[in-house]
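Undergrad: Protein chains in written order, with this note's numbering: chain R, 1 to 393; chain W, 1001 to 1068.
C-beta: ideal position from N, C-alpha, C; glycine also.
1. Between the C-alpha atoms of residue 218/R and residue 202/R, what's the straight-line distance to the nearest angstrom?
2. Would you mind reading off the limits of the beta strand (DSSP E) that contains residue 1028/W?
3. Is the beta carbon of residue 153/R sitting closer than 8 Å to the one on residue 238/R?
4. With a threshold of 7 Å, establish whether the CB of residue 198/R neighbours any heavy atom of the ligand ATP.
5. For my contact list, residue 83/R and residue 131/R are in at a C-beta cut-off of 8 Å; report their separation, rounded to the angstrom.
6. I'd like to know if residue 1006/W contacts chain R, where contact means its C-beta is closer than 8 Å to some C-beta of that chain.
7. Residue 168/R lies in the beta strand (DSSP E); which residues open and close that run?
8. Could you tell me the distance, in whole angstroms, from the CA atom of residue 50/R to the CA atom of residue 136/R?
9. Could you tell me whether the Cβ of residue 1055/W comes closer than 8 Å to any Cβ of chain R?
10. Starting from the Cα of residue 23/R, find the closest Cα among 309/R, 191/R, 194/R and give me that residue.
11. Can you confirm whether the region 271 to 286 of chain R touches the region 240 to 259 of chain R when touching is taken to mean that 3 or more C-beta pairs between the two stretches lie within less than 8 Å?
12. Run through DSSP, which three-state label would residue 5/R get?
13. In this structure, does DSSP put residue 61/R in helix, strand or coil?
14. Out of curiosity, what's the CA-to-CA distance linking residue 19/R and residue 32/R?
15. Please state whether DSSP places residue 294/R in a helix, a strand or coil.
16. Evaluate residue 89/R with the Cβ neighbour count: other Cβ atoms within 10 Å of its Cβ, from every protein chain shown; 16 or more gives buried, anything less gives exposed.
17. Starting from the Cα of residue 93/R, find the closest Cα among 13/R, 139/R, 363/R, 312/R and give me that residue.
18. Looking only at its own chain, which residues have a Cβ that is under 6 Å from the Cβ of residue 1068/W, when we skip the five neighbours before and after it?
19. Using a Cβ-Cβ cutoff of less than 7 Å, which residues in the same chain neighbour residue 1030/W once the five nearest sequence positions on both sides are dropped?
20. Should the region 183 to 195 of chain R be regarded as contacting the region 218 to 233 of chain R, the criterion being three or more beta carbon pairs within less than 8 Å?
21. Examine the Cβ distances between the region 157 to 166 of chain R and the region 317 to 325 of chain R and report whether three or more of them are shorter than 8 Å.
22. Expressed to the nearest angstrom, what Euclidean distance is found between the alpha-carbon atoms of residue 355/R and residue 103/R?
23. Out of 98/R, 74/R, 43/R, which one is the CA nearest neighbour of residue 254/R?
24. For residue 326/R, which residues in chain W fall below 7 Å Cβ to Cβ?
Printed below as a string of structure tokens:
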């Protein structure tokens, strides 16, 4: 590695300009860290919030600045240097140096790997013009423009992002087909009974939901005109969204000694096997003491918390165990919340009628709650979380 | 839904977890105070993390308490 370091002082190198990196920088400054902080942002934008990309920002034209966590002045005031349009290409943990795409070498006292994840592509659709994934602001704008005209939209993959896109597009008047390989949406997380509730939700809103099928053939080039499914059905499309999950954006770490299949393995506080190198957010696979293994892929709240906790580690502060993760989704004006780990459950206890759009499903094990799905029951989240946490002690 | 946030000043013990996750919304002096606004996601994440359950969220439209 060259010695053309741009840094007079090493400080903290935050590799990745998403939520986890932003929270790390904020927490460092809040606790009085006065060394250099640099955030390496692959995108041309300062860090911004992504959950609106499948909802509000898809409905209304917006400037990326409206989604930014902080105004530009904040970075100046807090002496947080943004390296926009640059990405880390190599990490040398023992030398405490990172190589950047613009040729620079960044030396550090501490590094946070926070490069997030990228959408898993579908090779069959590679190179087609009217195919979107949804990860960054430009993806969102391209899809928003497509949806501005009357559109026959196919959404492949009925995870939460796919479902949110389907719901938002439907609200914009698109003719939507939701295609899912599993027996129903979210079957792997919630099981078929509750997953089936999501199929009904979308059908009731006028979405065509096709489950247990995959895309067998793609017709049309450079624009997809038609998808032929594994059951022989054909779906004519103007636009396709692929939402079949994400993979950690960590391929740049190859050769660093830090990588496993599901991201960078770290302990429950974000520490990697190398001193002074941490990872947070979707790029990390944090050890979960509740499940006794490393858990890849995180959600919004996890990324925020892990980023802040990484800063605490750098500052040598004491940390308690991480709280139980939760996440949510807004579809058709219904707030959907999920807390805990349903796969630990043996039974499902229902409160309210799943035929309606307001009920709670609690997953229990030996009579104790381990997870819950809340459909338009926001007031129940706090008590259920308490019960799940108490059940562990 | 859109949340309105308030802090129970008698309950807040100044842990600062809310500031970690939602620094655009909360600031810590001795106890936390609300200094900005944020998405419902942000507010709820902060409220959930509070060890003292000192963050109250209301439906801004109906005034109904939704958390805790």
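TA: Put simply:
1. When only Cα atoms are considered, residue 218/R and residue 202/R end up about 24 Å apart.
2. Counting along the chain, the beta strand (DSSP E) containing residue 1028/W begins and ends at 1026 to 1028.
3. A contact, by the Cβ cut-off of 8 Å.
4. The ligand ATP is not part of the structure shown, which contains no ligands of any sort.
5. In this structure residue 83/R does not touch residue 131/R by the C-beta definition: roughly 31 Å separates them, more than the 8 Å allowed.
6. Proximity of residue 1006/W to chain R, defined by a Cβ-Cβ separation below 8 Å, is not satisfied.
7. Not the beta strand (DSSP E): residue 168/R falls in the alpha helix (DSSP H), residues 160 to 171.
8. Roughly 7 Å between the two C-alpha positions.
9. With 8 Å as the cut-off, residue 1055/W does not count as an interface residue toward chain R.
10. Of the candidates 309/R, 191/R, 194/R, the one whose C-alpha sits nearest the C-alpha of residue 23/R is 309/R.
11. Segments in contact, yes.
12. Its pLDDT being 44, under 50, residue 5/R is placed unreliably by the model, and the measurement read from it follows with that caveat. DSSP places residue 5/R in strand when its eight states are reduced to three.
13. In the structure shown, residue 61/R sits in coil (DSSP, three-state: anything other than H, G, I, E or B).
14. So the alpha carbons of these two residues sit roughly 20 Å apart.
15. Of the three classes helix, strand and coil, the one that applies to residue 294/R here is strand, per DSSP.
16. Residue 89/R comes out exposed.
17. Check the Cα spacing between residue 93/R and each of 13/R, 139/R, 363/R, 312/R: the tightest is with 13/R.
18. Excluding positions up to five away in sequence, the list reads 1053.
19. Excluding residues within five positions, the ones whose Cβ falls inside 7 Å are 1014.
20. Segments in contact, no.
21. They do not touch, by the three-pair rule.
22. Cα to Cα, residue 355/R sits roughly 58 Å from residue 103/R.
23. When each option's Cα is compared against that of residue 254/R, the closest is 98/R.
24. The answer, in chain order, is 1048.
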